[in-house]
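To keep things clear, I will list the structure first and then write my remarks on it.
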Ligand SMILES: [Fe+2]
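Residue numbers (my numbering): 211 to 403.
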């Protein structure tokens, strides 16, 4: 089954953003990609994903609704096991690669998609060789950069992590959904920590 409606809504959302860094990659990115026929792959956290509807931003609502509607048709991935950050995180987090080397739409230029963290997940400090851009769809996350204080980011804000920048994320009260984009480096890398 196609996930094209979600791909189109994702592109539309990105196209409306005016952050300089977004425009920098968006305007040069060729969105005319063929779709891979990926089978849905579900993980336990998918059962909680609809909870984010109560917390999404106004400008994010259309995309978040569609994502929730299509959650069972997507290939969900996890890069960590219980040995990394514990069983709780494994049971309550996951991501979808909409675009990328493994994604629903193939690209070796960027990897991008959605990441979900259920209430109570504490994702400790980690880093990776790719630059990472996040757009929180919900204002429920506490984000730390360069080992600094945790700060709340609202829905629709932008969070930029330079390559190998140390960063961490906590979701103490309510679940988080965010768009993520990786550029440069190994786009399928497991983070170091
Ligand atoms: Fe990261």
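A virtual CB, placed ideally from N, CA and C, is assigned to each residue, including glycine.
Given the structure is predicted, the values throughout are model-derived calculations rather than measurements.
Cα-Cα, which of the options is closest to residue i?
i           : options            : result
residue 396 : 244, 310, 278      : 310
residue 322 : 348, 398, 366, 391 : 391
residue 380 : 366, 348, 374, 402 : 348
residue 258 : 398, 399, 386, 400 : 386
residue 305 : 245, 297, 294, 290 : 290
May I ask whether a heavy atom of ligand 1 can be found less than 7 Å away from the beta carbon of residue i?
i           : result
residue 401 : yes
residue 302 : no
residue 342 : yes
residue 336 : yes
residue 371 : yes
residue 314 : no
residue 376 : no
Do you know offhand how far residue i's Cα is from residue j's?
i           : j           : result
residue 382 : residue 362 : 11 Å
residue 406 : residue 239 : The structure shown does not extend to residue 406, since the chain is modelled only from 211 through 403, so no value can be given for it.
residue 288 : residue 231 : 27 Å
residue 328 : residue 276 : 19 Å
residue 302 : residue 341 : 25 Å
residue 337 : residue 394 : 14 Å
residue 229 : residue 235 : 10 Å
residue 220 : residue 346 : 13 Å
residue 351 : residue 344 : 11 Å
residue 370 : residue 376 : 11 Å
residue 388 : residue 366 : 9 Å
residue 326 : residue 211 : 22 Å
residue 285 : residue 307 : 8 Å
residue 319 : residue 364 : 28 Å
residue 252 : residue 355 : 30 Å
residue 315 : residue 215 : 12 Å
residue 281 : residue 247 : 16 Å
For the region 294-382, list the beta strand (DSSP E) runs that are entirely contained and at least 3 residues long, ordered along the chain.
303-310, 320-327, 332-336, 341-346, 351-355, 361-363, 369-371, 377-380
Output the residue ranges of the alpha helix (DSSP H) runs that lie fully inside the region 226-307 and measure 4 residues or longer, sorted by chain position.
230-236, 271-279, 292-295, 297-302
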